[in-house]
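Numbering (the numbering used here), first residue to last: 11 to 202. Everything on this sheet refers to the single structure shown next.
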């Protein structure tokens, strides 16, 4: 296994959030290509087009956890100008999904694929992007914490030079599984 898919688990910590993430090859995105709002953190792979994003968003309308995560997935598809999107799996935890502080919210998760034509490429050169999505609902603060890992499996215009194939998907799934089970909100004042 090459260095781009390191196997160690690294704690990701801010003053407010903490979780383990298998992302040694990701660096904080200074994001010269787009502005990153204060409510978002973006990390980019050093040698692939894999990206990892954490967003603090106003809680979306659907009460049903599966409908809520579908809403976030479709919003991401809209933001990506996806030509199409499909959901392969969506899962809510058994028991209570949201909790009042200091109890930690449970994770809602989804895996899907989007066909995205980046940089004005024609549809026949669109990228196949696997999306690993997790949402934690903090009802008392009217907030959804949204984590996404975007994995370009196949890239259309460059004969797959930037696509990561199944190896990248496997890496992202393990990283996503680890992160979604270890998130801890350290300070609920983040959402004040």
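A virtual CB, placed ideally from N, CA and C, is assigned to each residue, including glycine.
Between the alpha carbons of residue 86 and residue 159 lies a gap of roughly 11 Å.
Just so you know, the alpha carbons of residue 118 and residue 82 end up roughly 11 Å apart. In the structure shown, the three-state DSSP call for residue 127 is coil.
The criterion of a C-beta distance shorter than 9 Å is satisfied by residue 144 and residue 193. Under DSSP, residue 142 forms a beta bridge with 121 and 159. With fewer than 16 other beta carbons inside 10 angstroms of its own, residue 175 counts as exposed. Only residues of its own chain outside the window of five on either side were considered, and among them 123, 125, 163 and 164 have a CB closer than 7 Å to the CB of residue 138, listed in chain order. Beta-bridge analysis with DSSP links residue 92 to 126. Taking a contact as a CB-CB distance under 8 Å, the pair residue 150 and residue 111 counts as one, their CB atoms being some 6 Å apart.
Taking all protein chains in view, the Cβ of residue 177 is surrounded by fewer than 16 other Cβ atoms within 10 Å, so the residue is classified as exposed. With contacts defined by Cβ atoms closer than 9 Å, residue 66 and residue 155 form a contacting pair. Per DSSP, residue 187 is one residue of the alpha helix (DSSP H) stretching across 175-192. Taking the C-beta atoms as reference points, residue 116 is found nearer than 9 Å to residue 146. Partner residues in a beta bridge of residue 133, as assigned by DSSP, do not exist.
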